[in-house]
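A.B. asks: Just so you know, we're using our numbering here: the sequence shown kicks off at 395 and counts up by one.
Before anything else, here's the structure in question.
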Amino acid sequence: MKSIKKNTREDGAETKARLIQCAGRLIADQGYDRTTSKDICRLAGVNMAAVNYHFGSREGLYQAVLDEVYHYVLSPVEIETIYHMDIGPREKLMKLLDLYVKEALFSESWQVKVSIRELINPSDVFTRFVESYIGRKLTPVLDILSSYLGIPAQDARVPRAFLAALSPFLIFLLSGHRQMGLVMYGLSKRDRKEKMEEADLLKEFVFAGLDRLKEKWKGKEK
């Protein structure tokens, strides 16, 4: 009987993981609003009741999908690893940007595609998710940025500088989306080499801006 229970638990975990993967793929392709539990269960090859059984609801399943996205793009573990490296803040910021470029701009994963969809048209589920979880990622990143700028982490200028620094990369990320790429003068048709050249240009642009702010705020308390 113990063996049967173990197999049941393993089967349940496998079904749960498959539902998350299938939901993620469908939502990445057609959006959360247009993806039904029926669609997900059909793709996963499971009974219609599986979504409610494992996640309580379709929304509960999407929260699990977003949790997967959260741990995929700039995962908390990777951020903490960089945060504790014995290198300067500029090098840490560069590593974070390189990691973001690698995972967000050169990946065809459904996790990245879901994140792009939510940036363009955020759902209520995503909004609540951000309020609960994203701060855990941002705290070490903002601490690194504050060290580079030479101002306290609690200073209101730090998150503003972060937003200014991140904005070019968000536009770059959105340009990879099919519809947004067409709007942005066909940028979605770039090859890997062109994307790398543009990413390097953006990093140079971002650090030029941060260095200007660093000089401007030097010795000034807010």
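Glycine residues also receive a C-beta, built at the ideal position from the N, C-alpha and C atoms.
Check for me: the alpha helix (DSSP H) holding histidine 478 runs from which residue to which?
C.D. replies: Segment: none, histidine 478 is in no alpha helix (DSSP H) and carries neither H nor E.
A.B. asks: On a CA-only basis, which of Ile414, Gly418, Glu408 and Val535 is nearest glutamate 512? Give me that one, please.
C.D. replies: Looking at the Cα atoms, Gly418 is the closest of the given residues.
A.B. asks: Is arginine 606 helix, strand or coil by DSSP?
C.D. replies: Note: arginine 606 maps to helix in three-state DSSP.
A.B. asks: Mind reading off the beta-carbon distance from leucine 437 to valine 445? Whole number of angstroms is fine, and I expect it under 8 Å.
C.D. replies: Not quite, the Cβ-Cβ distance comes to about 12 Å (not below 8 Å), so this is no contact.
A.B. asks: For valine 495, which of Leu564, Ala602 and Arg606 has the nearest alpha-carbon?
C.D. replies: For the residues Leu564, Ala602 and Arg606, the minimum Cα distance to valine 495 belongs to Leu564.
A.B. asks: Compute the Euclidean distance between the alpha carbons of leucine 596 and lysine 410, then round it to the nearest angstrom.
C.D. replies: Whole-angstrom Cα-Cα distance: 39 Å.
A.B. asks: Around the C-beta of serine 509, are 16 or more other C-beta atoms found within 10 angstroms, so that it is buried, or is it exposed?
C.D. replies: It is buried - the Cβ of serine 509 has at least 16 other Cβ atoms within 10 Å.
A.B. asks: Counting along the chain, where does the alpha helix (DSSP H) carrying aspartate 660 start and finish?
C.D. replies: Outside the displayed span of the chain (395 to 616) sits residue 660, for which this structure offers no information.
A.B. asks: Is there contact between the stretch 459 to 479 and the stretch 518 to 531, where contact requires at least three CB pairs shorter than 8 Å?
C.D. replies: These segments touch.
A.B. asks: Figure out for me which residue from Met442, Pro562, Arg606 and Asn515 has the closest Cα to the Cα of alanine 422.
C.D. replies: Alanine 422 has its Cα closest to that of Asn515, out of Met442, Pro562, Arg606 and Asn515.
A.B. asks: Taking the C-alpha atoms as reference points, what is the distance between glutamine 424 and valine 519?
C.D. replies: Their Cα atoms are separated by approximately 16 Å.
A.B. asks: Have a look at Glu609, Asp405, Gln548 and Gly544 and flag the residue whose alpha-carbon is nearest the alpha-carbon of glycine 482.
C.D. replies: Closest by alpha carbon: Gly544.
A.B. asks: How would you write the range of the alpha helix (DSSP H) that phenylalanine 563 sits in, first residue to last?
C.D. replies: Counting along the chain, the alpha helix (DSSP H) containing phenylalanine 563 begins and ends at 551 to 568.
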